[in-house]
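Residue 921 in full-length UniProt numbering sits at position 921 of the sequence shown, and the numbers go up by one each step. All C-beta atoms, glycine included, are put in the ideal place defined by N, C-alpha and C. As the structure is a computational prediction, the values presented were derived from the model and not from experiment.
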Amino acid sequence: MKETDETHLWRLHSAVKEVCKLTINSGLSTKLQKFLSKQIWTQSDRQSILTIFTEIFLDGSYAHELTVCLGPLILDVVSQLKHIILNDARNGSFKMKKFAIVLSDGFSVSPELRHFALDFVKVHSPLKSCEDSSLGEPKRKKTKRDQVPDLDWCRAVFNYMIYVPEAAERLDMCSLMSHLSHSDTLTRWYAASAISIYCGMSEQEASSFLKKYFTQEEQRSMCLRLNSYRLGALERARPLLGLVQVERGGKQSYTKHDIIGEDLHASVVNVMGVLLPSCHQPQTNDGEIKTKAASDELVMVPSTCQHLRSLALAVSCAKHVLLQGPVGCGKTCLVEHLAVRTGHKLVKIQLGDQTDSKALLGTYCSTEVPGEFVWRAGVLTRAVAAGQWVLLEDVDTAPMDVLSLLVGLVETGALTGAGGGTEAWVQAAPGFQLFTTQRFLSSSEGVHKERAGNSSVLEKHCSVIYVEPLSGAELAQVITTKFPALGPVTEKLLDIYFMLSAGRHDTGSDSSEKDASTHGKFFSSTGRLVSTRDLMTWCSRSSVNFDHTESSQGQKVFLEAVDCFVASLSKLTLRLRVAAAIGFKLNIPEDRSKYFLTEYKPNLRESTTCLEIGRATVQRTNQFSSSGSKQSAPTFSYTRSTLVLLEKVAICVQRNEPVLLSGETGTGKTFTVQYLAHYLGHKLHVINLNQQSDSSDLLGGFKPVDMKFLVMPLREEFEILFCETFSRTQNEKFLSHIQTLFSKKRWKDLLILIEAPVKNALKRFESETAEFGAWTKISRRIGELRQQIQDAENVLAFSFIEGTLVRALRSGDWVLLDEINLASADMLECLSGLLESSAGSVVLTERGDAQPIKRNPEFRLFACMNPATDVGKKDLPVGIRNRFTEFYVEEMECPRDLATLVRDYLPGLSLGARQISGMVNFYLTIKGDQADKLTDGTGHKPHFSLRTLCRALRYCAKNPCKSVPRSLYEGFCMSFLTAIDRSSHPIVEGLILKHVLATSSTKAVLGQKLPQPEQGHHVDVAGYWVAMGSQQPQVPEHYIVTPSVKRNLRDLARVVSAG
């Protein structure tokens, strides 16, 4: 069930009765009385009641009492009143001033009114001067009815300075000075008190200031009078508290003394019974539309409703929020949903221990003008200045300088050092709201913070909301709502999920003790944490064409569970245990579940249009049809393990899920993605990341360029517009002249030449047409280029060059981020938007863009990483890692798979089964017990992988020695000997002779002289033919060749000769 405005109602009978008592001496009381006598209120009745409330509020006599009486509905009343006033052409300015004054009467009891008044005053400035009665209207003689009493105006300014000091810049403090000599003592007192607050006077300074305008007796009298007034207001408001009750209700056309969601003003949105101002704007790009659609899928289970209401209450009180909870409990989703409901743009920032405060504040950047540097505001600065909502993920991981920055923001409502200097500051615009998340870890003893960081400094200044994981019953409701086909098996799916989940889900008292004992059985705090996001991915996969009456569906659900939960585990023994437990729940025998993990080999079916591998069917692009693409295909062996990995990756490609491949170096992670991209006809960009990688490597930045690259886009755009506007055939000579000037790099002459037709085109079209706008853009660009050409005579020209990721995002290419766990925090932050959904994108803020790059549907994102156990490696932040579908890639150690690999790499050598078996045994031996006896050049145990073996096989496949045994010997020596020190050479060389050359005569093979290559010129170096360079070979006269040098020279020559 999705939440709508009609799901709540506000009971008004008691409130209307009290308002009637308050206004008994006015005609408004009589109007309200007739509604009390009705048993049923129609929609017209309800609108009339709300209209009467607006009239009572604007009258001002009972604004304080009405604010207390109506409670949560006061926001709707003032919103409707604001709409009426802004549409009043004759008395709008006077009513705006009076409205702003009346609003201040409710500040002491309603945080909602303070927030509303701040936005209203900052936009319309109704209190700028008490003398101005018209804003843009013809001046007319004031009547007594149009005048605002000085006392009311000064009291309002005083209330604004007390409760909404951020509005001070919109108040006319200069006019307030003239009231210090007012005849009325109370008016003078309010004016003097407001001025003392505005000037930030200390208690002693304020006392001295008041003595200038009040005697000691007057000061005492004013204090007593104001205290008495406040106490009286509290006493009058006490019986009015809690008169309006909020209840859940259904959609209906009439009510019994209730207000429903349909009656609320369009600028107010109901979120779980809490009214919030709405600022809905038209969606401007596909990404925002799809984000909204995704957020609307939030299923309103009881705990979600409770958390959403707590979040809405904090926002209504303008409090910054810290959401705490385990991974995947829905912290981010709640904020996204609330942002969509209220129409706010949400800026999400992923924090980490390497996050730099400069990335949030901004920095100086180069521009297209040579030698010019401008201040580019950071993502947080832009959001604060624009009044947007900001979500900071994993604030507990942020360094102290970032936390200090955030503490200052929530305390003062401003960012310091955000304008290009240490003293610069940016005031938060109306509507700004800060949300932060903090991840907790679950254990058998409960939940606890992941780390003892400095986030407690920020926690003191925020409204803290603990988001509990969904209970078992709630998860069942979510699954049956989002995936109705899975309804009959929901209980089984949840039992499996609870065994693996990182969250503590309250499964209810009806759960058996046996089931409860398995909850969290396979939970691990290291590696990937299984969360509700993984459960939803599993359900989404399983629900496709699901029919619970078919017995084969259990196997389908099992295989999807293996992909979502098991395939990311690094140890085979643990994978087998978890798979067996999942299979037991799905009535799959243990030997069958073991088969799918150790022996299952998906079928591969090829066609000209698609690739079918196991459960996946992925389409080929038109680029694959070229024969050249086929011929240049890399060697890829279809072993069981590679086919299983291809199937998993292909399913993710089919479902547009980002893929993370983890595993040791040289296991085929990168090559698998490269082969699949080549096979399907997609262009793959491999980006190797490290600690020095910058976000500009992915997104782009301003870089020095040849002036040709700046002029070329202008020329292309001009020629297209020119041919659309003028005749191409009649201007061939003109266009050829442009080509000549461009090729000769006569930039100034080129701009002069194209400027004349631009002026003619501008005269041809009306200013409102699209053509006029296009030619105007060309004209403006000519002026900019002329300035750049002039400046570039002394310094380099700069232009924004889009990064590889952005270009791939536009064109639909694939991107592989290798060693992603080495990337810096700001680089991971720019990826967070891409990983949110299949429509996620990035914004080029450095270039000044405000809208995301339009994402091509064919774009896919892959990432690879080595385990964090390696020196210098670290784990990915959980918030990023859990957005990938992760697979662990094992080293190939199955003899049958290795034999298939050797045969596929050496198809033309006609090897026998014994030779192939010997190479497999050699590889397994050197990676097994023998590896402990070997050392590399640094004294450590060498690392041999599938990459090492394939390098040897690729050399052997060419048979460069014109002898298969000798080519095998040289290939394995070249690949395996170069990684070890000299003392280990005899051991490895002995293993090569024993296993690889077991069927050949060793002396005969090694005694053969290597044949000289037929093509090119070569020179014999230590028995190997090395290609000659352009100069004549020489033997150094004073170079002493010792036995060790000779051995090293031989190893080097072997490698160089291989090419």
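- Contact between V68 and A237 holds, since their C-beta atoms are separated by about 4 Å, short of 8 Å.
- When secondary structure is reduced to three states using DSSP, I197 falls in the helix class.
- Distance from the Cα of F209 is smallest, within the candidate group P602, R188 and Y229, for R188.
- The region 675 to 687 makes no contact with the region 580 to 597: fewer than 3 CB pairs, one atom from each, lie closer than 8 Å.
- For C329, the three-state secondary structure derived from DSSP is coil.
- Within 10 angstroms of the beta-carbon of C174 lie fewer than 16 other beta-carbons, which makes it exposed.
- Our two residues, L458 and V842, have alpha carbons roughly 28 Å apart in a direct line.
- The three-state reading of DSSP puts R11 in strand, counting E and B together.
- With contacts defined by Cβ atoms closer than 8 Å, S693 and S824 form a contacting pair.
- Closest in C-alpha terms to L751, from the list C723, Q787 and A761, comes Q787.
- The alpha-carbon separation between I916 and P713 amounts to approximately 57 Å.
- The three-state secondary structure of A192, taken from DSSP, is helix.
- Residue pairing by DSSP places Y888 opposite S662 in a beta bridge.
- One Cα belongs to E550, the other to L809, and the distance between them is close to 41 Å.
- Of E766, V758, E166 and R764, the smallest CA-CA separation from K777 is found for V758.
- With the rule of 3 Cβ pairs closer than 8 Å, the region 424 to 440 does not count as touching the region 476 to 493.
- Segment contact: the region 589 to 605 against the region 908 to 928, fewer than three CB-CB distances shorter than 8 Å; contact not assigned.
- Excluding its 5 nearest sequence neighbours in each direction, D904 has C-beta neighbours in its own chain below 7 Å: T635 and S637, listed in chain order.
- Counting only residues of its own chain and dropping the five nearest sequence neighbours on each side, V1055 has a CB closer than 8 Å to the CB of M974 and T978.
- Taking the Cα positions, M300 is about 9 Å away from E474.
- As summarised for the region 959 to 1017, the continuous alpha helix (DSSP H) elements at least 4 residues long and confined to that stretch are 964 to 976, 985 to 991 and 1002 to 1007, given in chain order.
- Rounded to whole angstroms, L569 and D875 show a C-alpha spacing of 14 Å.
- If you look at K348, you'll find it in the beta strand (DSSP E) that goes L346 to Q350.
- Taking C-beta atoms as the reference points, D184 and L226 fail to come closer than 8 Å.
- For H1018, same chain residues with a beta-carbon under 7 Å away, outside a window of 5 residues either side, are Q1012, W1025, V1026, A1027 and M1028 in chain order.
- In the three-state DSSP reduction, L753 falls in the helix class (H, G or I).
- Within the same chain, and ignoring the five residues on either side of P430 in sequence, the residues whose Cβ sits closer than 7 Å to its Cβ are L118, D119, K122 and G387.
- With contacts defined as CB atoms closer than 8 Å, G343 and S278 qualify as a contacting pair.
- The residue from A677, Q33, T938 and M201 with its alpha-carbon nearest to that of E858 is A677.
- Using a C-beta cut-off of 8 Å, the region 304 to 322 makes contact with the region 268 to 278, since at least three inter-stretch Cβ pairs fall below that distance.
- Sorting Y213, D172 and H182 by C-alpha distance to the C-alpha of Y198 places D172 at the top.
- Distance from the Cα of I84 is smallest, within the candidate group M96, I720, L73 and A899, for M96.
- In this structure, the straight-line span from the alpha carbon of Q619 to that of V340 is close to 35 Å.
- The alpha-carbon of F718 is positioned some 13 Å away from that of F734.
- About 7 Å separates the beta carbon of V148 from that of I101, a gap short enough to meet the 8 Å contact definition.
- Collapsing the DSSP output to three states places N688 in a strand.
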